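Enquirer: Each step along the sequence shown adds one to the number in UniProt numbering, with nothing skipped, and position 203 is 203. Glycine included, every Cβ here is placed at the ideal spot set by N, Cα and C. Owing to the predicted nature of the structure, the values given are computational and were not obtained by experimental measurement.
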Amino acid sequence: MRLQILPKQTRGDENMSLIEATANKTKERKGVGVIDCDIHHTYKDIKQLFPYLPRKYRERIELWGPNFGGGPGTMNGGNIGKRADSFPPGGGPAGSDLDFMVEQLLEPFDIRYGILTGEFIACTNTADTYYSAALCSAFNDYTIEHWLDKEPRFRGSIYLPIHDVAASVREIERLGSHPGMVQAYVPSGSHHPYGNKIFHPIYEACLKHGINFTMHVGAIGDGMNASATNVGYPSYYIEYRAARTQAYMAHMASFIFEGVFEIFPELQVAFIEGGVFWVAPYLWRLDQDWKALREQTPWVKKKPSEYFLTNMYIGSQPIEEAPNRQAFDTLFEAMHAKDKLLFCSDYPHWDFDSPKLVFPKMDKETTDNVFYYNAAKYYGLPMPDKTEE
């Protein structure tokens, strides 16, 4: 977490005197290591998915190309939104080489477990829902065979064709019991807020298989999904990026006020890559409005902020760069980060957050919780004993 803006510096640059002096360096502390909850892997060529796709879709891709995506997120320019140093030396897209990812990410940052979230989220919402379902299944199988089976530190995400609830449930039934698959995974862009009752069968399937429901920023205003903002489509990626929290605010309110956590009290959900410090003031607003309007939703038995504490988690990336340490600490504490924040690097994207640099120095319990224990609790990963000071 930067405490001031310095000239000619970019996120992920580890040659910054101020950051070096104040960072919570993993390499200098003895602890339980790191669980990285947002690692974007991908294929070297989409033909790597062909063994898992029906013939009609293989032929379709060969004739016309993949033909999905194209929303505002595609305006993320430069190296297609990737770190310049993250492209494998042997060629291929950033995030496509397992060995290089281990060398560049897992080993230097003491990452004990990495949650693979992929670069394929646009496949979840094509207008042809059968095609989306086939793509999701193919990518899930590719992830298992080429990543989970080859590196025991990785865990996978079950991509869901979210516009087809029945197909999404079938995919959870197919893979939900796989020991390497730890979450159902959907974009923040959707045709309905995720508290809507049409999604209840998905939550039933998640609970049946003991996995959580995780949203990742993406596909907003893409395919059949709603606009990226409440007032229409942005012109530039920076506008789209600034508006990402709007979708998460809508989903959070929907989960609470449509009673999802009363119907499914054990369901756990996470909001990944939408920022952090919007959470506290938004919960304050929800609590205030609930007190005034609670007769409209009598099934909501608790304050919205209480549902947040029992059923929701927030990904740390991209954490806002507060103007000073006092502001950081105030908002960090107000959103209960010690217990609800999941560390996410967002590797190999340009705004990658290094575990060594992203936060200012924190007490040991908070550090271990944010870097490991919160994610271990959310994903059901091993919980080693708390380390001594």
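For valine 279, which of Ser188, Ile319 and Arg170 has the nearest alpha-carbon?
Expert: Ile319
Enquirer: Count the C-beta pairs between the region 93-102 and the region 124-135 that are closer than 8 Å, then say yes if the count reaches three, no if not.
Expert: no
Enquirer: Spell out the partners DSSP gives asparagine 212 in its beta bridges.
Expert: Gln183
Enquirer: Residue range of the alpha helix (DSSP H) that methionine 252 falls in?
Expert: 244-257
Enquirer: Pick helix, strand or coil for aspartate 110, following the three-state DSSP scheme.
Expert: coil
Enquirer: Could you compute how far the alpha carbon of phenylalanine 271 sits from the alpha carbon of methionine 312?
Expert: 8 Å
Enquirer: Per DSSP, what kind of secondary structure is proline 360 in: helix, strand or coil?
Expert: strand
Enquirer: Just the Cα atoms here: how many angstroms apart are isoleucine 172 and proline 234?
Expert: Isoleucine 172 and proline 234: Cα-Cα distance of roughly 34 Å.
Enquirer: Sorted by chain position, which residues of the same chain lie with C-beta nearer than 7 Å to alanine 253's C-beta, five sequence neighbours on each side aside?
Expert: Leu286
Enquirer: Counting along the chain, where does the alpha helix (DSSP H) carrying aspartate 339 start and finish?
Expert: Looking at the DSSP string, the run of the alpha helix (DSSP H) that includes aspartate 339 is 337-340.
Enquirer: Please indicate yes or no: does the CB of proline 66 lie closer than 7 Å to some heavy atom of the ligand GDP?
Expert: For the structure depicted, the ligand GDP is absent and the ligand set is empty, with no information on it obtainable.
Enquirer: Bridge partners for aspartate 36 per DSSP, in chain order?
Expert: According to DSSP, residue pairing for aspartate 36 in a beta bridge involves Gly114.
Enquirer: The beta strand (DSSP E) with serine 305 in it runs from where to where?
Expert: Where serine 305 is concerned, there is no enclosing beta strand (DSSP E), although the alpha helix (DSSP H) it sits in stretches over 304-311.
Enquirer: Pull up the distance between the alpha-carbon of lysine 364 and that of proline 384, whole angstroms please.
Expert: Computed Cα separation, rounded: 15 Å.
Enquirer: Are the beta-carbon atoms belonging to leucine 106 and arginine 155 less than 8 Å from one another?
Expert: no
Enquirer: What separation, rounded to the nearest whole angstrom, lies between the Cα atoms of valine 276 and leucine 63?
Expert: Put simply, the backbone Cα of valine 276 is about 43 Å away from that of leucine 63.
Enquirer: Taking the straight line between their C-alpha atoms, what separation do you get for aspartate 164 and histidine 192?
Expert: 12 Å
Enquirer: Which ranges does the alpha helix (DSSP H) cover as unbroken runs of at least 4 residues, wholly within the region 140-211, from first to last along the chain?
Expert: 165-175 and 200-209
Enquirer: Have a look at Tyr378, Phe371, Ser190 and Lys386 and flag the residue whose alpha-carbon is nearest the alpha-carbon of arginine 112.
Expert: Taking only the C-alpha atoms, the option nearest arginine 112 is Phe371.
Enquirer: Do you know offhand how far aspartate 110's Cα is from isoleucine 121's?
Expert: 27 Å
Enquirer: Within this structure, are the beta carbons of leucine 53 and alanine 167 separated by less than 8 Å?
Expert: no
Enquirer: Would you call the region 323-333 and the region 293-301 in contact, with 3 or more CB pairs under 8 Å?
Expert: Verdict: no, contact absent.
Enquirer: Who pairs with lysine 82 in a beta bridge, going by DSSP?
Expert: His349
Enquirer: Take tyrosine 379 and list the residues in its own chain whose beta-carbon comes closer than 6 Å to its own, dropping the five residues that flank it on each side.
Expert: Val182
Enquirer: Does DSSP put residue 395 in a helix, in a strand, or in coil?
Expert: Past the edges of the chain, shown from 1 to 389, lies residue 395, and the structure says nothing about it.
Enquirer: Taking 7 Å as the limit between beta carbons, can you name the residues of its chain near asparagine 225, skipping five residues before and five after?
Expert: Asn125, Gly189, Ser190, His191 and Ala219
Enquirer: Under a three-way DSSP split, which group does isoleucine 263 fall into?
Expert: helix
Enquirer: In or out: asparagine 324 buried (at least 16 other Cβ within 10 Å) or exposed?
Expert: By the neighbour-count rule (16 or more Cβ atoms within 10 Å), asparagine 324 is not buried but exposed.
Enquirer: When DSSP builds the beta bridges, which residues end up paired with isoleucine 314?
Expert: Phe271 and Leu341
Enquirer: So is aspartate 85 buried or exposed if we call it buried at 16+ other beta carbons inside 10 Å?
Expert: exposed
Enquirer: So what's serine 330 in DSSP terms, helix, strand or just coil?
Expert: Looking at the sequence provided, one finds threonine at residue 330 rather than serine. Three-state DSSP puts threonine 330 in a helix.
Enquirer: Checking 8 Å against the spacing of the C-beta atoms, do phenylalanine 58 and phenylalanine 50 come in under that value?
Expert: Residue identity check: residue 58 is arginine in the sequence provided, not phenylalanine. Yes; because the gap between Cβ atoms is below 8 Å, this pair is in contact.
Enquirer: Kindly indicate which residue of Val269, Gly221, Tyr236 and Tyr240 has the alpha-carbon position closest to the one of threonine 214.
Expert: Val269
Enquirer: Counting C-beta neighbours from all protein chains within 10 Å, is the total for lysine 27 16 or more, i.e. buried, or is it exposed?
Expert: Note that lysine 27 scores a pLDDT of 48, beneath 50, so its modelled location is shaky; the value from the coordinates is reported in the next line. Exposed, because fewer than 16 other Cβ atoms sit within 10 Å of the Cβ of lysine 27.
Enquirer: Apart from the five residues just before and just after leucine 267, which ones in its own chain have a Cβ nearer than 8 Å to its Cβ?
Expert: Tyr203, Cys206, Leu207, Asn212, Phe213, Val260, Phe261 and Asn311
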